[in-house]
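To start, the structure itself, in structure tokens.
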Amino acid sequence: MTSRPAIKALACLGASVLVVAGLAACGGSSESGPRQLTFFVAIQPGGTIEETAARCTEESHGRYEVKPELLPNDASQAREQLVRRLGAKDSSIDVIGLDVILTSEFANAGWIEKWSGAEKREATEKVFPSVIETASFEGDLYAAPFNTNTQLLWYRKDLVPNPPATWDETIAAAEKLGRADGGTIQVQAERYEGFSVWANALIESAGTEILSGPEKVDLQQQPTEEALAVMGRLANSSAAPANLSTSNEDTARLGFEAGESAFMTNYTFAYASASEEAPDIAKNMGAAPFPRVNSHPAKPPLGGFNLAVSAYSKNKDLAFEAAACLAGEKSQLTAVELDGLPPSRSDLYSGKDVKKAYPGFAGLVKKSIEAAGPRPTSPAYQDVTSALQRTLHPPDKIDPDDTEPIYDELKSNLEAAVKREGLL
Amino acid sequence: MEASAPAHPNPPAAAAAGQRSRSERRLAWLLCAPAVIAMLAVTAYPIGYAVVLSLQKLDLRFPDQSEFIGLSNYGTVLSSELWWTDVFNTVFIMLISVAIELVLGMAIALVMHRAIFGRGVIRTSVLIPYGIITVVAAFAWQFAFAPDSGFVNNLPLISDEMDWFGGRFSSFAVIIRAEVWKTTPFMALLLLAGLVTIDGQLYEAAKVDGASAWQRFTRITLPLMKPAILVALLFRTLDAFRVFDTIFIMTRGAQDTESVSILGYNQLISRLNLGLGSAVSVLIFVCVFLIAFVFVKGFGARVQEGRPGG
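Chains A and B, in that order, are what the protein sequence lines are. FYI, the numbering used here numbers position 99 of the first sequence as 99, with every residue one higher than the one before it. FYI, the numbering used here numbers position 145 of the second sequence as 1145, with every residue one higher than the one before it.
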């Protein structure tokens, strides 16, 4: 027979177990010594992040320690990791390596701090104007430019003596070579941010823009249709690799390094990668400007990272200092030396570090950055890019001879996306 | 009045027995209480919160613009072509993969039941695909079917350049293949549990009566296994409706292969649109509930009876 005291004892035990479990979840740790600043940034294979973090920790003379937390290399996935934490007001993030497309979104949501005064002047000294634009929102600077990035047309000098200047010429040259002899063009057309990069580059090269304001769709009909026709033509020709609809920067460079393609549009890292992985191919690797769509000057993609300070950081002053060091001139030179990332300061391009990383095409990289067309800036950028990817992917569904239906679909989807309506 | 006389000595004993069972029941509730409270906190609160969120227009990227909008999110979701495409995709994958798993699982269960040598080894090795983490298995199958790195295109009868992930139904084929490979063992085990409850003498009697193997299967095995089959189908169907990992890894929802779970993920995590995302989550919950309802009330699946010895 169970007695009252026994029941009471059991109930108390049960309740106390729950309470203890609850308390155990709240743990705290006090720190003494240098403040730890966590630096959320995408992995760089050459070791740039580790080296700049170590150097800036040393230069702080014991006041802070920069601890890198590595994010995935995929822009969409890195973004997801950041927005989850910042949306929940996580105070464990101090400095963020922010992809250029994220500045508007994060600034509008109040997740990153403004830069002003001497720090702002120092961060923007001699930086390309277009790069400063990517780190700004509504006229204020929200991040310190670190590295930029752009795409070139890489080609095989032994198969193609004179590089083509337009997309149509590239497609024709590849078709002439024939699929078995390297007659394919490597691009990035998987359904991810890289596809938006390509689509935006084509549209801007054709002479129009996706957005003319944070909530206003531009997309003039004739240039857009020309750009879409190029995409459809490439995807439906023999110059398209078999894995076109799942291609990204990595599969593209692998295809080029395996000798399967004579042409590739990819970022500047492609040369360093080929030199290491496939030296025979690298010997014959030439760099040309990003192809044009029509008679308009080409607008190559503009990528890169800026360093921002989280609004929820507990050590904002130190974080600003650390970010300034991590994005400064010495760090930019480390980045170009170890990972081939183009510096955002234009005066570094005449120096020997850049010339060594880009033998023979340093000037081309600088010109490409100056001519580059950034992706649309809007706090709703994530919706815009989702709508762009969803409408145009897979690219072989675009009929190059009848681009009006896909143009209408794209325009209406973007207009809904900019207002953040509907499911995406 | 005669009947009540011998009943006289009983009432005190009966009353004592009643009170004992009542206090035992109360003890049982008290002992269950911590677990029930934990379960409610972990399940009821998030579900309730999701319902509350789904009635608001709330986007974490625009924190000052949230407002209460009632059922408007549900209207957006249910009138969206994307939602219905995803429901179709999910149901398509669910029906085909569960059907294949049922047939294959039954075959494997029969083999496991009849095995004389190495029974333990067979049963363990059949479980290996189920033990592999879904994401890892999805990656493995993705690499196998990728045109540039996989072995599938090198097999005879398959074109070398076949881009499996370039088309909608070829992607479905790969996804269903990976799902079937992964969860058929689970189905086989559930069916085996039902198989062992069938009395062997029934088969012997049928053999004496001249029944063929097929007749024995359809007239004895299947009817007696009905509870086990229904339970296995119920579990697998509920799981299959919530398919996420395989599709996410292989195509990320491209080529119109998106499932409702990925749709919810995109709205909630990618777009941080908590209102729409919560509406999608609640609708998925409703669908899952409907499936369970259909199985339990419609087909008469009884979770307790499906177990051996129950």
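Glycine included, each C-beta is placed from N, C-alpha and C at the ideal position. Given the structure is predicted, the values throughout are model-derived calculations rather than measurements.
- Around A/L13, the same chain offers no residue with a beta carbon nearer than 7 Å, after the five sequence neighbours per side are excluded.
- Listed in chain order, the non-local C-beta contacts of A/F269 below 6 Å within the same chain comprise G340, local neighbours out to five positions each way being set aside.
- Distances from the alpha-carbon of A/A227 to those of A/A362, A/E80 and A/T403 put A/T403 closest.
- For A/I7, the nearest CB of chain B lies under 8 Å from its own CB, placing it at the interface with that chain.
- Per DSSP, A/Y267 is one residue of the beta strand (DSSP E) stretching across F263 to Y267.
- Between A/P400 and A/G232 a beta carbon distance of about 4 Å is seen, short of the 8 Å cut, so the two are scored as contacting.
- In the structure shown, B/D1064 falls within a helical segment according to DSSP collapsed to helix, strand and coil.
- Scanning the region 249-299 of chain A for uninterrupted beta strand (DSSP E) segments of 3 residues or longer gives 263-267 and 285-288, listed from N- to C-terminal end.
- Counting along the chain, A/L348 sits inside no beta strand (DSSP E), nor does DSSP assign it H or E at all.
- Ranking B/M1162, B/V1294, B/A1254 and B/N1266 by CA distance to the CA of A/L423 puts B/N1266 first.
- Assigned with DSSP and collapsed to three states, A/W154 falls in strand.
- DSSP places A/G373 in the strand class (E or B) of the three-state scheme.
- For A/P68, the enclosing beta strand (DSSP E) begins and ends at Y64 to L71.
- Listed along chain A, the residues sitting closer than 7 Å to B/E1161 by beta-carbon distance are A242.
- The DSSP-derived three-state label of B/I1108 is helix.
- Restricting attention to alpha helix (DSSP H) runs no shorter than 4 residues, the region 154-178 of chain A encloses them at 167-177, ordered along the chain.
- For the region 391-419 of chain A, the continuous alpha helix (DSSP H) assignments of 4+ residues that do not extend past its boundaries occur at 404-418, in sequence order.
- Contact check between the region 1243-1262 of chain B and the region 1163-1178 of chain B: three or more CB pairs, one atom from each, fall below 8 Å, which counts as touching.
- By alpha-carbon distance to A/L86, the top candidate from B/F1092, B/N1089 and B/L1060 is B/L1060.
- For the region 1068-1083 of chain B, the set of positions with a beta-carbon nearer than 8 Å to some beta-carbon of chain A reads T1076, V1077, S1080, L1082 and W1083 in chain order.
- Annotation: Cβ neighbours of A/E80 in chain B (cutoff 7 Å, chain order): I1269 and S1270.
- Counting of Cβ neighbours within 10 angstroms places A/W198 among the buried residues, the total reaching 16 or more.
- Inclusion of A/S91 and A/T38 in the CB contact set at 8 Å is not warranted, their separation being larger than that value.
- With contacts defined by Cβ atoms closer than 8 Å, A/Q221 and A/Y407 form a contacting pair.
- Distances from the CA of B/W1083 to each of B/F1285, B/I1220 and B/L1263 were compared; the closest alpha carbon is that of B/L1263.
- Between the alpha carbons of B/A1035 and B/N1073 lies a distance of about 34 Å.
- Note: A/A144 is bridge-paired with A/L307 in the DSSP secondary-structure output.
- Taking A/L234 as reference, the option from A/D280, A/G183, A/L219 and A/G213 with the minimal CA-CA separation is A/G183.
- Using a Cβ-Cβ cut-off of 9 Å, B/N1266 is close to S386, L423 and L424 of chain A, given in chain order.
- Distance from B/W1181 to B/P1129 at the Cβ level is roughly 5 Å; contact confirmed, criterion being Cβ atoms closer than 8 Å.
- At least one CB of chain B lies nearer than 8 Å to the CB of A/R191.
- Cβ-Cβ separation between A/L141 and A/K120: approximately 5 Å, consistent with a contact (criterion under 8 Å).
- As far as DSSP is concerned, A/A322 takes part in no beta bridge.
- Counting C-beta atoms within 10 angstroms of its own C-beta, A/T377 has 16 or more neighbours from the protein chains shown and is therefore classed as buried.
- DSSP, reduced to helix, strand and coil, places B/I1116 outside both helices and strands of the structure shown, so it counts as coil.
- By the criterion of at least three beta-carbon pairs nearer than 8 Å, the region 1275-1290 of chain B is not in contact with the region 1181-1201 of chain B.
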